[in-house]
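Trainee: Quick note on the numbering used here: the sequence shown kicks off at 518 and runs consecutively.
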Amino acid sequence: VLIDTDGSTEDLAALAGLDEPQLAVRAGEILVPRLVRTTVPAEAALPPVTGPVLVTGAGGALGGLVARHLVTAHGVRDLVLVSRRPSTTLVEELRELGAEVRWASCDVTDRDALAALIGELTAPDGPGLAGVVHAAGVVDDGVLESLTPER
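#1: Identify every residue that forms a DSSP beta bridge with H586.
#2: With distances taken from CA atoms, which of V583, Q539, V549, G545 is nearest T526?
#3: In chain order, what residues of the same chain have a beta carbon less than 8 Å from the beta carbon of V542, not counting five sequence neighbours either side?
#4: What first and last residue would you give for the beta strand (DSSP E) that runs through L646?
#5: Tell me, please, which residues DSSP counts as bridged to A541.
#6: Run through DSSP, which three-state label would A621 get?
#7: Have a look at the DSSP bridge pairing and note the partners of S600.
#8: Taking the alpha-carbon of V566 as reference, which of L582, A630, E610, D595 has the nearest alpha-carbon?
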């Protein structure tokens, strides 16, 4: 049982017996997490994106999916795709969907290279950035017993 208390109650044993995996106590009130269905009013919809969105890892499967989703579902029309290796197929596909696409070859684990790229984009005469999606990464998972301190 995970109990988050503000100190307003001292009867932790009674709280632990409530058959809830998590709960919080605030000003003596017991709160439990619940998922509820809701709707978002139309006026709360996100405003249109008016500047470039940078997507790291664009040469990989996840980055490509994100870039396509930004264009098709959110109407993003200006993308800066970042990856160590370019994907001309993805660039062509996004351009056919009406997006302006720039490709930047950059290893995002190289701080200096990434800082230079962001510096170019955010310079006074640069296009700026409306958003960043970090989809770069290498999967190095495994079962718990096989993990080392480095992993």
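Positions of the beta carbon are idealized from the N, C-alpha and C atoms, including for glycine.
Mentor: Quick answer:
#1: Start at 1 with the first residue of the sequence shown, and residue 586 comes out as number 69. Paired residues: none, contrary to the question.
#2: On the sequence shown, residue 526 is found 9 positions in, with the first residue counted as 1. Cα-wise, what sits closest to T526 is G545.
#3: Numbered from 1 along the sequence shown, position 25 holds the residue referred to as residue 542. So the list reads I520, D521, T522, D523, S525, T526, L532, L548, once near-sequence residues are dropped.
#4: Within the sequence shown, the letter at position 129 stands for residue 646. Segment: none, L646 is in no beta strand (DSSP E) and carries neither H nor E.
#5: Locating residue 541 in the sequence shown gives position 24, counting from the first residue. For A541, which the question treats as bridged, DSSP gives the partners D521, L548.
#6: Position 104 of the sequence shown, counting from 1, holds the residue named residue 621. It is a strand residue.
#7: As a working mapping, residue 600 is identified with position 83 in the sequence shown. DSSP, once it has assigned bridges, lists S622 as partnering S600.
#8: In the sequence shown, the residue the question calls residue 566 occupies position 49. The residue from L582, A630, E610, D595 with its alpha-carbon nearest to that of V566 is D595.
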